[in-house]
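Numbering-wise (numbering that gives the first Met the number 0), the sequence shown opens with residue 0 and increments by one. For each residue, glycine too, the CB sits at the ideal point set by N, CA and C. Remember, predicted model here, so these are calculated numbers, not experimental data. The block underneath contains the structure these notes are about, expressed in structure tokens.
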Amino acid sequence: MPLLQLKDVSKRFGQVVVANGVSLQLEAGDAVGIVGPNGAGKTTLFSMIAGDVKVDAGEILFKGRPITRAAVAARCRAGIGRTYQIPLPFEHLSVFENALVAVHQGARVHGLEGSERALDALVRTGLIDLANRPAGALGLLHRKRLELARALATGPELLLLDEIAGGLTDLEVVELTEVIRGIRADGVTIVWIEHVVRALLSTVDRLVCLAGGELVADGSPREVLNSEAVRRVYLGGAIINEAVS
Ligand SMILES: Nc1ncnc2c1ncn2[C@@H]1O[C@H](COP(=O)(O)OP(=O)(O)OP(=O)(O)O)[C@@H](O)[C@H]1O
Ligand SMILES: [Mg+2]
């Protein structure tokens, strides 16, 4: 049974069509990258999967069960975790407390087991030495790591990463990519929206391209990056040259 299925999902904001009959299927253990120009509907796709945005039409199934109308908290407890394009931690809470809130809210696990889960998320994301630091004092790389830690702390089977590498230096991207590969090796299914294609290519084995709310390509990274449809979408853009050079 597929881990996640989107069937003919459509969504518009006023006149803007952000999903036009999108169908997508993921198997457990997949690592899939999502590319596409700004405004393509990538973040909205995550929001529809995680429940922050309701679909206008179509169906979403997780582990074979319809979740199309389920609340965010229910989807999170079912095993869907996400990071946000703009990290918004609780600035005045410590790094550990931020992870703990995610365990309490997202997994409903409390007490010693909850604390252990929060610590484990910090170890896996390389933040354990900063556990007592206020989140507001963190630089961008550590904020991105905390974003990952909070999502991991909810115990996801499916992890949706929204431009987690955006704004980082090349070296920082490499460091973060290693963390993500480790998470995948632990058995978590990954869907990763990213403009930093090099980072994606080192991690994913399938690429999907969204443009204007339509899925214009889906296949192996080489196939997708070399496809006519994607070349048209990125006409004159850097993505192809960067990726195939
Ligand atoms: N809540 C909302 N209300 C109205 N319009 C929205 C809303 N969220 C997104 N949009 C619009 O929908 C379109 C798709 O936005 P979305 O954030 O999904 O794109 P994206 O592919 O993630 O882009 P980027 O690469 O810039 O992050 C954009 O035109 C955006 O302005
Ligand atoms: Mg986005």
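Measuring only from the beta carbon, is residue i closer than 7 Å to any heavy atom that is part of ligand 2?
{"i": "D161", "result": "yes"}
{"i": "Q84", "result": "yes"}
What is the residue span of the alpha helix (DSSP H) that residue i lies within?
{"i": "T42", "result": "41-49"}
{"i": "L160", "result": "Premise fails: L160 lies in the beta strand (DSSP E), 157-161, not in any alpha helix (DSSP H)."}
{"i": "T82", "result": "Here T82 belongs to no alpha helix (DSSP H), and DSSP marks it neither H nor E."}
{"i": "L140", "result": "139-152"}
{"i": "V196", "result": "196-200"}
Can you name the start and end residues of the beta strand (DSSP E) that residue i belongs to?
{"i": "G113", "result": "No beta strand (DSSP E) holds G113; the alpha helix (DSSP H) holding it covers 110-123."}
{"i": "N19", "result": "15-25"}
{"i": "A216", "result": "213-218"}
{"i": "G32", "result": "30-34"}
According to DSSP, what are the bridge partners of residue i?
{"i": "A69", "result": "In DSSP, A69 forms no bridge with anything."}
{"i": "Q4", "result": "Q24, L60"}
{"i": "P133", "result": "S93"}
{"i": "R231", "result": "Paired residue(s): none; R231 is not in a bridge."}
{"i": "T188", "result": "L157"}
{"i": "K10", "result": "A18"}
{"i": "A210", "result": "E213"}
{"i": "R205", "result": "V31"}
Sequence-ordered residues whose beta carbon comes within less than 6 Å of a heavy atom of ligand 1
For ligand 1, the selected residues are F12, V15, V17, G35, N37, G38, A39, G40, K41, T42, T43, Q84.
Can you confirm whether the segment 185-196 touches the segment 19-30 when touching is taken to mean that 3 or more C-beta pairs between the two stretches lie within less than 8 Å?
Taking 8 Å as the limit for Cβ pairs, the verdict is that the segment 185-196 does touch the segment 19-30.
Below 8 Å, how does it come out for the segment 33-50 and the segment 2-14: are there three or more Cβ pairs, yes or no?
The answer is yes - the segment 2-14 touches the segment 33-50, with three or more Cβ pairs under 8 Å.
Between the segment 56-69 and the segment 135-152, do three or more beta carbon pairs fall short of 8 Å?
Because the criterion of three Cβ pairs below 8 Å is not met, the segment 56-69 and the segment 135-152 do not touch.
Looking at C-beta atoms only, is the number of pairs between the segment 177-188 and the segment 120-131 that lie closer than 8 Å three or more?
yes
Taking contact to mean 3 or more Cβ pairs, one atom from each stretch, closer than 8 Å, check whether the segment 13-22 and the segment 83-100 are in contact.
no
Kindly confirm or deny that the segment 100-113 and the segment 160-168 touch, where touching means at least three C-beta pairs closer than 8 Å.
no
With a cut-off of 8 Å, do at least 3 Cβ pairs link the segment 200-214 to the segment 223-232?
yes
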